[in-house]
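**Q** First the structure, then my questions, so here it is.
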Amino acid sequence: MSQTTTLNLDDFIQDQFKNNTEMVVRLNDGSIIFVDEQALDKNKMSDEGCSVKTFGVRYRVMSDDMKTVTAQYLIPNEVLSLAKTRGKEFAGLKLPVGILTNDQTPKFGVWLKIYPNFQQIGTNDRGEIVLRDRKDFQPMTGAVINSNNTIIMGRAERLVTRLSKEDSSLDCAEADAWLKAFEILDNTDTLTRDYLCAGIKYRHEGNAPYLNLTIDVNFFDLQDKEMLDLRSIIQSRFDKINRTIPNVKIRSVINLPKTEEDFKSILSKLQKKGSSAKELGLPESYSDSRFYDPKNNTIASSNFVLFVPLAELPDEITITTINTDYHGEIKSRGVLSPLMAILSLVNVISAHAGSGVLSQNGTATTFTGPTGTGKTTATSFFAEKNEKFRRQELRRRYEIILKKQHSDLSDSDFQAKVDEVVAGVGILCQEDWIEIAEGDDGKWSFWPTEKSMYARTGGFPGLDFILIENEPMLENALADFGASGCKKYLGKVTHEFFPERIFYEPHWGHLLYDRSSRPISAHVFLERNADLDFFAKRVSAKEAVEYLLVGRTPSGKYEPMYNAYPDFSGFLMEHGIIGPKLVEAYAKAKAGDYSVIGAGNASTGKAVFEKLDIQLQLWEKSCEVTPPF
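Taking my numbering, I'd label the letters of the sequence shown as residues 928 to 1556.
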C-alpha cells in the first residue's frame, strides 16, 4: 500500500452491512461516525496492510466480570473534523454505547452521554478504550467513578410564574398527588430533606434520589453553628420589621408522563394497585394537568413559582420543579431565587458571585458575573495548594508589594514577613453565590450560602489531585466525541464538558478555604466582551449598577444583574425585557410607568420593579463604600 494512499473507511464495510443503521451509524450525507466492528471486512484490511487502529479509536466492551469481550466499536478519525463543522447533525443520535449531544456553544462541540450500564475502565496498551458492561447500576449512573447523569443538563424548558397564591397552591396540590402516586407505583416513600442556606430554613420533597443526595452535600444541616449564628442576625433584622422569617418548600417531581400514552399507562398501573387518579387528586386527562404545556403537547422540564410583591411574600414560599433532577436548576430556582426575595425584605444583596481573600488585610474581594465569566477561576486560582506555581506566583507578587512597605527589614525578617502575609491570602471563600449585607458600622460583608462547592470541572484547580485522592461526586461526565479535535481524547471522559460539575468538599484540603463571613474590600464585575476597550478599570457606583442592569453574558445575550435565577429575572427574560430594553423599561418604571417592565401589566410591573430596584439600590450603596471594578 502506498504511503500516499487515502483510505476510505466505507470501502472496508461489508456489503451486507452498508445500509444497516444499527451496525453503521451515519450522518445524512452518509458520513460514518460509528461502526460495530462486525460490519468491517478485516480480511480486506489485512490485505491492504492496515489495522482497525488506522481508521480511528476502538471501544472494547467487556463483560461484567471483565473476562469476555462482548463487543468492539470504532469511532472513525473523521469524527474529529465532522464534529467541529456539523455538530448540530450529531445531536440526539443514538449509538450502541450512548447518546450524542451537541453543546450549545460550537466551541465545545459534540459529546457522548454513555449509557448507565457502561463504566469507562481506562485505556489499555493498544490504545483501546475499555468499557465494562456492568450489571449493578442505576438509571442515571455515570460512566466514571461516583458520577451521575441528569435528565436535563441545564435550565428547564419552561419557567411558569403564577401571579396568585391560589394558582400556586393548585400546583402544589397536583405535585403532592404525583408524589403520592409514585410512592404507590415505586413502593417507596417520598424523599425529604430539611436544611439551611444562608440561615433560611428549607424543606425539599421529591422522588429523585440524586437530588436528595446533592442537597445534603451542598447545603447545611439544621444544627450547623455557622448557619444558626447567621440566622440569629437575620432574625434580629426581621424583628425590626415585625414579621417572621419565611421558610421555603421545594417539591421536585420527575418521571411525569411525556405523552398521553404514558399518562394512560400510569393510570392503568395505579388501578392495578387499587388506586385511581380521582382518589389521589391527579388530573383525569393528560391535558388537564397543571404542568401540561399546550404549546408542545407534553409535560416538559419546568419550574412553577409564585410571583407576588415583596409585601405579599407568604410565610412559606413554594417552588415546584417538574421533570428535572439537575442540581444546578434546583439550587438556582429552588434555593437561591426565594433566598433573594426573603433577604430583600431586610436589605441584603443576593449576588451571583464568588468571594476570595486577596488582600493582606484579610478582607474579601467579590467577583460577580454570569456563568462562564470566571468566578470560580478568580476565587480559587491562588487557593490551589498542589500546583505549586500558583502559590509561588502569589508570593512573588507580594514580595514586590511588601518590599516597598518594609524596606528596612533584613532579608530573613523580610522573608518571614512574606510568609506571614501569604499564609493569609489566596483563600477561597465562596465560588458561586453569596449574600452581601451592611453592618452597623457601615461596612459591607458577605455571608456564605453553600457548604461545599458545586463548580465546573473544566479548569477546576487541582482537579487531577482531587480525582486521584478523593471520590468527588461528578455530574454529567460525558465523553469527548470530537469536541477537542484531538484523537488522544476521542471517546474518553476528559472532564472538559462545559456542563459537567464537581461537588468539592473543602475538608479534602486541596484548596485554602474559609467560608466564614468577613468584610469586603472590593467588588469586581466580570464580563467576557471583546468589544470593551479595557481589560480592567475602576468604575463609579452608578456605572457598576448600569453593568448589572444590562447583564451581558459571554454569548452576547442578557441576564438582569448577571443572574437568570430570581423570579423577576425569569419573568423579564421570558418576556424579552432584557439588555437595552430593560434599561428603557427600568427608567420608565422609576418615573411611575410600570406597564413596560410588566409586559403590559402595570401591577405585575410594579412588583418586578420593586424586586429589581431594591437590589440595584443596595448594590449602588455598597459600591459607594466598597470600590467597584
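Quick reminder that beta carbons are idealized off the backbone N, C-alpha and C, glycines included.
Quick caveat: nothing in here was measured; it's all calculated off a predicted structure.
(1) Nearest by alpha-carbon distance to Ser1091: which of Ser1307, Leu1233 and Leu1138 is it?
(2) Determine the DSSP secondary structure at Arg1318, reduced to helix, strand or coil.
(3) Any Cβ of chain D within less than 9 Å of the Cβ of Leu1140?
(4) Return the first residue and the last residue of the beta strand (DSSP E) that Pro1446 is part of.
(5) Give the secondary structure of Asp938 by DSSP, where H, G and I count as helix, E and B as strand, and everything else as coil.
(6) Starting from Met989, trace the beta strand (DSSP E) in both directions and tell me its first and last residue.
(7) By Cβ distance below 6 Å, which residues in the same chain neighbour Ala1529 in space, the five residues on each side in sequence not counted?
(8) Would you check if the distance between the CB atom of Phe1109 and the CB atom of Cys1124 is smaller than 9 Å?
(9) To the nearest angstrom, report how far apart Leu1263 and Thr1531 are at their CA atoms.
(10) Which residue spans inside the segment 1254-1341 form an unbroken beta strand (DSSP E) run of at least 3?
(11) Please name the residue in Ser1008, Gly957 and Phe961 whose C-alpha comes closest to that of Gly1409.
(12) Report yes if the C-beta distance between Val1175 and Ile1244 is below 9 Å; otherwise report no.
(13) Identify every run of the alpha helix (DSSP H) within the segment 1172-1234, keeping only runs that are complete inside it and at least 4 residues long; order them along the chain.
(14) Could I get the ranges of all uninterrupted alpha helix (DSSP H) runs contained in the segment 1491-1527, with 4 residues as the minimum, in chain order?
(15) So, at 7 Å on beta carbons, what are the nonlocal neighbours of Gln1162 in its own chain, with the 5 sequence-adjacent residues on each side left out?
(16) Please confirm whether Pro1043 and Pro1023 have their CB atoms less than 9 Å apart.
(17) Looking at Leu1138: is its Cβ nearer than 9 Å to the Cβ of Asp1252?
(18) Could you have a look at Leu1149 and say whether DSSP puts it in helix, strand or coil?
(19) Assign Lys1200 to buried or exposed, taking buried as 16 or more other Cβ atoms, counted over all protein chains shown, within 10 Å of its Cβ.
(20) DSSP on Glu1402, reduced to helix/strand/coil?
(21) Quick check: Cys1356 and Thr1247, are their CB atoms within less than 9 Å of each other?
(22) According to DSSP, Arg1164 sits in a beta bridge with which residue or residues?
(23) Where Asn1145 and Phe1430 are concerned, what is the direct C-alpha to C-alpha distance, given to the nearest angstrom?
(24) Check Glu964 in the structure and name its three-state DSSP category.
(25) Leaving out five residues on either side along the sequence, give the residues of the same chain with a beta carbon under 7 Å from the beta carbon of Val1345.
(26) Hey, would you say Leu1390 sits closer than 9 Å to Ile1072, going by beta carbons?
(27) In angstroms, rounded to a whole number, what distance separates the CA positions of Gly1386 and Asp1103?
(28) Name the DSSP bridge partner or partners of Gln1357?
(29) From which residue to which residue does the beta strand (DSSP E) around Phe1392 run?
(30) Taking the alpha helix (DSSP H) that Tyr1474 falls in, what are its first and last residues?
(31) State the DSSP-derived secondary structure class of Gln1542, mapped to helix, strand or coil.
(32) Can you give me the C-alpha to C-alpha distance between His1434 and Asn1274, rounded to a whole angstrom?
(33) Can you say whether Ile1524 is buried or exposed, counting buried as having 16 or more other CB atoms within 10 angstroms of its CB?
(34) Whose C-alpha, out of Pro1399, Pro1487 and Glu1537, is nearest the C-alpha of Leu1140?
(35) Measure the C-alpha to C-alpha separation of Gly1283 and Ala1291 and round it to an integer number of angstroms.
(36) Once you ignore the five residues that flank Phe1231 on each side, which residues in its own chain have a CB closer than 6 Å to its CB?
**A** In this structure, then:
(1) Within the sequence shown, the letter at position 164 stands for residue 1091. Closest by alpha carbon: Leu1233.
(2) Numbered from 1 along the sequence shown, position 391 holds the residue referred to as residue 1318. Residue state, collapsed to three classes: helix.
(3) Here chain D cannot be found, since the structure has a single protein chain.
(4) The residue labelled residue 1446 in the question sits at position 519 within the sequence shown. Pro1446: member of the beta strand (DSSP E) spanning Arg1445 to Phe1452, first to last residue.
(5) In the sequence shown, residue 938 corresponds to position 11, counting from 1. Reduced to three states, the DSSP call for Asp938 is helix.
(6) Mapped onto the sequence shown, residue 989 falls at position 62. Looking at the DSSP string, the run of the beta strand (DSSP E) that includes Met989 is Gly983 to Met989.
(7) Stepping through the sequence shown from its first residue, residue 1529 is reached at position 602. Tyr1521 and Ser1522, listed in sequence order.
(8) Sequence index remark: in the sequence shown, residue 1109 carries index 182 (1-based). Sequence index remark: in the sequence shown, residue 1124 carries index 197 (1-based). The Cβ atoms of Phe1109 and Cys1124 do not sit closer than 9 Å to each other.
(9) Locating residue 1263 in the sequence shown gives position 336, counting from the first residue. Locating residue 1531 in the sequence shown gives position 604, counting from the first residue. The alpha-carbon atoms of Leu1263 and Thr1531 are separated by roughly 21 Å.
(10) Counting whole runs of 3 or more residues, the segment 1254-1341 contains the beta strand (DSSP E) stretches 1276-1278, 1280-1284 and 1291-1295.
(11) In the sequence shown, counting from the first residue as 1, residue 1409 sits at position 482. The residue with the shortest Cα to Cα distance from Gly1409 is Ser1008.
(12) Here residue 1175 corresponds to residue number 248 of the sequence shown, with the count starting at 1. Here residue 1244 corresponds to residue number 317 of the sequence shown, with the count starting at 1. It is a contact, given that the beta carbons lie within the stated cut-off.
(13) If we require 4 residues or more, the alpha helix (DSSP H) runs fully inside the segment 1172-1234 come out as 1187-1199 and 1204-1207.
(14) Along the length of the segment 1491-1527, whole alpha helix (DSSP H) runs at least 4 residues long occupy 1494-1501 and 1507-1517, reported in chain order.
(15) By one-based count along the sequence shown, residue 1162 stands at place 235. Here the set comprises Ile1172.
(16) Taking the first residue of the sequence shown as position 1, residue 1043 is located at position 116. Taking the first residue of the sequence shown as position 1, residue 1023 is located at position 96. No; because the gap between Cβ atoms is not below 9 Å, this pair is not in contact.
(17) Taking the sequence shown and counting its residues from 1, one reaches residue 1138 at position 211. Taking the sequence shown and counting its residues from 1, one reaches residue 1252 at position 325. Against a cut-off of 9 Å, the Cβ pair of Asp1252 and Leu1138 comes out as a contact.
(18) Working through the sequence shown from its first residue, we reach residue 1149 at position 222. Look at Leu1149 here: in three-state DSSP terms it is coil, with no helix or strand label.
(19) Mapped onto the sequence shown, residue 1200 falls at position 273. Here Lys1200 is exposed: its Cβ has fewer than 16 other Cβ atoms, across all protein chains shown, within 10 Å.
(20) One-based indexing of the sequence shown puts residue 1402 at position 475. If DSSP states are grouped into helix, strand and coil, Glu1402 belongs with the strands.
(21) The residue you call residue 1356 lines up with position 429 of the sequence shown. The residue you call residue 1247 lines up with position 320 of the sequence shown. With respect to Thr1247, Cys1356 sits apart: the two C-beta atoms are not nearer than 9 Å.
(22) What you label residue 1164 is simply residue 237 of the sequence shown in a count that begins at 1. Partner(s): none; Arg1164 has no beta bridge.
(23) The residue given as residue 1145 occupies position 218 in the sequence shown. The residue given as residue 1430 occupies position 503 in the sequence shown. Going from the Cα of Asn1145 to the Cα of Phe1430 covers about 7 Å.
(24) In the sequence shown, counting from the first residue as 1, residue 964 sits at position 37. In the structure shown, the three-state DSSP call for Glu964 is helix.
(25) One-based indexing of the sequence shown puts residue 1345 at position 418. Excluding its 5 nearest sequence neighbours in each direction, Val1345 has C-beta neighbours in its own chain below 7 Å: Arg1322, Tyr1325, Glu1326 and Leu1329, listed in chain order.
(26) Here the question's residue 1390 lines up with position 463 in the sequence shown. Here the question's residue 1072 lines up with position 145 in the sequence shown. Contact flag unset, no.
(27) Here residue 1386 is taken as the residue at index 459 of the sequence shown, counted from 1. Here residue 1103 is taken as the residue at index 176 of the sequence shown, counted from 1. Roughly 40 Å separates the two Cα atoms.
(28) For this step, residue 1357 is matched to residue 430 along the sequence shown. Gln1357 is bridged by DSSP to Ser1282.
(29) Here residue 1392 refers to the residue found at position 465 when the sequence shown is read from its first residue. Boundaries for Phe1392: no beta strand (DSSP E) harbours it, while the alpha helix (DSSP H) harbouring it runs Leu1390 to Glu1396, taken from the DSSP string.
(30) The count along the sequence shown starts at 1 and reaches residue 1474 at position 547. Ala1468 to Val1477 is the extent of the alpha helix (DSSP H) around Tyr1474.
(31) The residue given as residue 1542 occupies position 615 in the sequence shown. In the three-state reduction of the DSSP assignment, Gln1542 falls in the helix class, which pools H, G and I.
(32) One-based indexing of the sequence shown puts residue 1434 at position 507. One-based indexing of the sequence shown puts residue 1274 at position 347. Going by the C-alpha atoms only, they are around 32 Å apart.
(33) Stepping through the sequence shown from its first residue, residue 1524 is reached at position 597. That one is buried.
(34) The residue given as residue 1140 occupies position 213 in the sequence shown. The closest CA to that of Leu1140, considering only Pro1399, Pro1487 and Glu1537, is found on Pro1399.
(35) Sequence index remark: in the sequence shown, residue 1283 carries index 356 (1-based). Sequence index remark: in the sequence shown, residue 1291 carries index 364 (1-based). Those two C-alpha atoms are separated by around 5 Å.
(36) Position 304 of the sequence shown, counted from the first residue, corresponds to residue 1231. If we look at Phe1231 and ignore the five residues flanking it on each side, its Cβ neighbours are Val1087, Asp1098 and Thr1247.
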